[in-house]
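Presented below is the structure to which this report refers.
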Amino acid sequence: MSSKTSKLDASGDPLIALFKSIGLNQAKAAEAAKSPKAAAILKDTIEKHSLATASLDEKQASLFAALASAISKASDVGEQETSYIVARILDGKLKSVDQVSVAVKYIESHRVPIDDVGFDAQCGVGFTITSEELLVQVNEHITSNAIAGWDKLGSVITSIRNSPSLRWANPLDIKNAVETAFNDTFGPKQAGKPKTKEPKAVKKESSAASAQPSTSRKSVFEEGFLGQLHRPGGNPQIHPHLREAHLATTGGQVWTRFPPEPNGYLHIGHSKAIFVNFGYAAHNGGKCYLRYDDTNPEKEEARYFESILEMVRWLGFEPWKITYSSDYFDKLYELAIELIKRDKAYVCHCTQEQIKADRGEKRGQPRPCIHRDRPVSESLAEFVNMKDGKYRPKEANLRMKQDLEDGNPQMWDLTAYRVLDASHHRTGDKWKIYPTYDYTHCLVDSFENISHSLCTTEFVSSRQSYEWLCDALELYKPRQSEYGRLSLEGAIMSKRKILALVEEGYVDGWDDPRLYTLIALRRRGVPPGAIISFVSTLGVSTAVTSIEVARFEHAVRQYLESTAPRLLMVMRPLKVTIENLPEDYLLTIEKPLHPKVPELGTTSVPFTRTIYIDADDFRLEDSKDYFRLAPGKTVGLFQAPYPITCTSYKTDPSTGEIVELLCKLENEGPPKKPKAFIQWVAEHPPSGSPVRIDETRVFHRLFKSDNPPADFRSDINPDSLEVIKGAMVEVGFWPLSKQLMNEARHDGKARTAKALESSAPAADDETPHATSEQLVGKECVRFQGLRVAYFALDKDSRIAALDNDVDVEPSREQGDYLVLNRIVSLKEDSGKTA
RNA sequence: GGCUUAGUAGUGUAGUGGUUAUCACACCAGAUUCUGAUUCUGGUAACCCAGGUUCGAAUCCUGGCUAGGCCUCCA
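Each residue of the first sequence is one higher than the one before, starting from 1 at the first, in UniProt numbering.
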């Protein structure tokens, strides 16, 4: 703070005085002095060209300041090139900041001697246009583009400024000409009118793997971060033939890869990565690999390989090809030899402490280690010794000889190979050394001709070493681009933290439905299409974000609203006896499974003298805003022919709890139209009604706060799981469950058959492959409990009828155990609880 | 401490120097409704701060502030 004020003090800063000497005023001189890099360049330029005695006017002086700023951001501008531009400013050829900026860009790729004609053409030197000529072109533009009114003023100005022929016309002249033309054509500009809204496009039903927002808007792959990615072949190479070979192999397609490390189950953040990689490739007619990143056998387990493929397929994607980083171990080793031979790698025996110290330990500049300059032959011999198992872990490692002068720590001689004392799940004991992530990832991307290497923002710094290594080996160089991770408020994504929750008993396992792992969401019953819809509407940027859970829930509800059949269900049953019906009264009611989708079919349910309603739908005291049952109040029953009126109720003498309502069916006199309808299930043993649910699991948030602290154990919500024991569902449950299960099996078989046809075969018999069983689980039985919530069958359920091939009417059987998971609640109007 | 990425309604996100700053969720209001759900309609709400360049800045430049990432466990 104090140094800032002293810096701005003209009397004390010779730099500001020097800048003032060329004609800058006090404020602009101070501004130019602020940026150290640009200020140094300006100082040097002034002194070398004696600008202080050149009698510049203020505009020219400002051009020199702009020149210095542009050079400070450019790469590798030489003194001769700088002098060339200085001369052009002095002789009056470069007159605007815009011209100066373009000039600096020009000399970045054109060295002295510079072709004056080419330079002048590129930088607008000598360009002139009269007002009349400009007006003619503007009018021509208006006519040929069918411009209709003043609301297009901004876009017309922009289009004309962007046209090549008018690139160097004065922007103010363009603005004036456009306004003159508009005035002549449309009359005087009027006050802005309210913009008429475009009618909203009819929304299409979502489908898995191709969920799209409204057609009137751009796809997430066409705007923002993904919209700005390069076209295939647009990533520059160290040699042109590398680009040509890449395009020849891919045919100019987008090729991406989803490269998880198989060290844990995937979580919802991975769904964004899957969507981005698979979706971007699919949107652009390309291909996506599934690549298991298995360079560290100490952390990887076989069980995760299968699960990862299952989750990718469950979300609706099919890998074009499945590969492993370990597929390339031989090739990676040979390239390491080549890197050593090129004197771009060396074997180092420093301890980790020594390496840390050499790297400055977060404080200073790195310094080379004592092995950095050893002869190539020594490094080659030692690397063979590493490979032959003559070193224990940490005794030797292969380091890349990068650039210790660079400001990026990723360039400070990263490790390429290290010794690990672990058997690899695929290569067994063949290797004693294993390549690191920084060595392997870019090279395997290159081998697999990846056009877009999409990863998350923690790898921003790694981009430089990624590109360095491809260039050092003169290989095809994919372009790495980094986008922001998906994080959900109130959830944790760290595999280490989730493992702690599992091992310490806070949750029942990685697939506990309170978690946001993909297997947990699946078990809970979340449809995969809903997840894809969720991530596709989020947008992709590089920002750090935290998504509200309400947004995820909305996507799930939206998906289920049109797809989930409705079943009558009560969570906390309250017995109702309709006293004006005979004891043996029975009416069979056929009702639709969906109020708006008749194709989902119908179910038949009994209606009898004794039914159950939800306890929440009755209260003792009526009120103006309350529309359901109370003594003396009438309420409708869904699909039943008449409403009921509560006449009296019974309570438990010992607890005072209401145990039964006595009601009257309003089937006499003029029909009553009740304000509300409630759901019910009837007691009718001959038809198996009601279906009693053994457990209904309702999940609440796992953590109390939106951003669980590092000590997340203290933030655990002890009431995150609620188990309800007495819920009841209508008998339509049985045929519906059977039908949904059969459909899931059928769809899984069809999709898998198709996938096996169109995917490249995997070489290894042990590689996980597509099976129909991966796509079918008990959670495929989903429904909405009418007026309650969306539910799915839990994997703990035992329902013999689902596995029974016999074409018999399904019903409860001996040994059945029904467990439902609440997928998501319905939204509740605030008036409902008043 | 060094390097680096970012900052647009409460939450996300779109946005070529020229727009009345887009869309979605959330929120409010109305209509419809055999789900106080859904659907439809309308509304409230934003360019981190300061300075500069420019006829004109959310956009370009400089500085500051805030948040994140990396700086030899991995990936």
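Built from N, CA and C at the ideal position, the CB exists for glycine as well.
Using the Cβ count rule (16 or more neighbours within 10 Å means buried), how would you classify residue i?
| i | result |
| --- | --- |
| residue 370 | exposed |
| residue 651 | exposed |
| residue 439 | buried |
| residue 413 | buried |
| residue 117 | exposed |
| residue 284 | buried |
| residue 318 | buried |
| residue 629 | buried |
| residue 877 | Because the chain in this structure spans residues 1 to 834, residue 877 falls outside the shown range and cannot be described. |
| residue 397 | buried |
| residue 76 | exposed |
| residue 178 | buried |
| residue 197 | Caution is warranted here: a pLDDT of 46 is assigned to residue 197, below 50, making its placement in the model unreliable, and the coordinate value is therefore given only provisionally. Answer is exposed; the Cβ neighbour count stays below 16. |
Suppose the cutoff is 8 Å on Cβ atoms and the five residues either side in sequence are ignored; what does the same chain contact list for residue i look like?
| i | result |
| --- | --- |
| residue 572 | 614, 615, 616, 724, 726 and 727 |
| residue 717 | 700, 701, 702, 703 and 704 |
| residue 823 | 524, 525, 526, 556, 560, 782, 789, 790, 791 and 792 |
| residue 736 | 565, 567, 593, 603, 781 and 783 |
| residue 120 | 93 and 126 |
| residue 343 | 376 and 401 |
| residue 338 | 473 |
With a CB to CB cut of under 6 Å and the five nearest residues on each side skipped, what residues in its chain are close to residue i?
| i | result |
| --- | --- |
| residue 463 | 480 |
| residue 423 | 429 |
| residue 20 | 29 |
| residue 767 | 322 |
May I ask you to report which of helix, strand or coil DSSP gives residue i?
| i | result |
| --- | --- |
| residue 267 | strand |
| residue 26 | helix |
| residue 531 | helix |
| residue 729 | strand |
| residue 253 | coil |
| residue 327 | helix |
| residue 578 | strand |
| residue 397 | strand |
| residue 377 | helix |
| residue 428 | strand |
| residue 49 | coil |
| residue 43 | helix |
| residue 492 | coil |
| residue 21 | helix |
| residue 147 | coil |
| residue 347 | strand |
| residue 312 | helix |
| residue 193 | Note that residue 193 scores 48 on pLDDT, short of 50, meaning its location in the model is unreliable; the coordinates nonetheless yield the value given after this. Residue 193 falls in the coil class under three-state DSSP. |
Since residue i is in the alpha helix (DSSP H), which residue starts that stretch and which ends it?
| i | result |
| --- | --- |
| residue 452 | Looking at the DSSP string, residue 452 is not in any alpha helix (DSSP H); the run it does join, the beta strand (DSSP E), is 452 to 456. |
| residue 132 | 131 to 144 |
Between residue i and residue j, how many whole angstroms is the CB-CB distance? I'm expecting something under 8 Å.
| i | j | result |
| --- | --- | --- |
| residue 610 | residue 683 | 4 Å |
| residue 802 | residue 738 | 6 Å |
| residue 70 | residue 42 | Not really, about 11 Å apart at Cβ, beyond 8 Å. |
| residue 540 | residue 224 | 6 Å |
| residue 536 | residue 269 | The Cβ separation is near 15 Å, so there is no contact. |
| residue 264 | residue 304 | 6 Å |
| residue 775 | residue 313 | 6 Å |
| residue 647 | residue 662 | 5 Å |
| residue 233 | residue 243 | 6 Å |
| residue 150 | residue 95 | Not really, about 32 Å apart at Cβ, beyond 8 Å. |
Note the first and the last residue of the continuous beta strand (DSSP E) segment covering residue i.
| i | result |
| --- | --- |
| residue 821 | 819 to 825 |
| residue 289 | 287 to 292 |
| residue 553 | Taken as a continuous stretch (DSSP letters only), residue 553 belongs to no beta strand (DSSP E), being part of the alpha helix (DSSP H) at 549 to 563. |
| residue 697 | 695 to 699 |
| residue 724 | 721 to 724 |
| residue 88 | Looking at the DSSP string, residue 88 is not in any beta strand (DSSP E); the run it does join, the alpha helix (DSSP H), is 79 to 90. |
| residue 783 | 782 to 785 |
| residue 583 | Note, residue 583: premise wrong, no beta strand (DSSP E); not H, not E. |
| residue 419 | 415 to 419 |
| residue 790 | 789 to 793 |
Which same chain residues, not among the five before or five after residue i, have their C-beta less than 7 Å away from its C-beta?
| i | result |
| --- | --- |
| residue 607 | 587, 589, 640 and 682 |
| residue 867 | There is no way to answer for residue 867, as the model of the chain reaches only from 1 to 834. |
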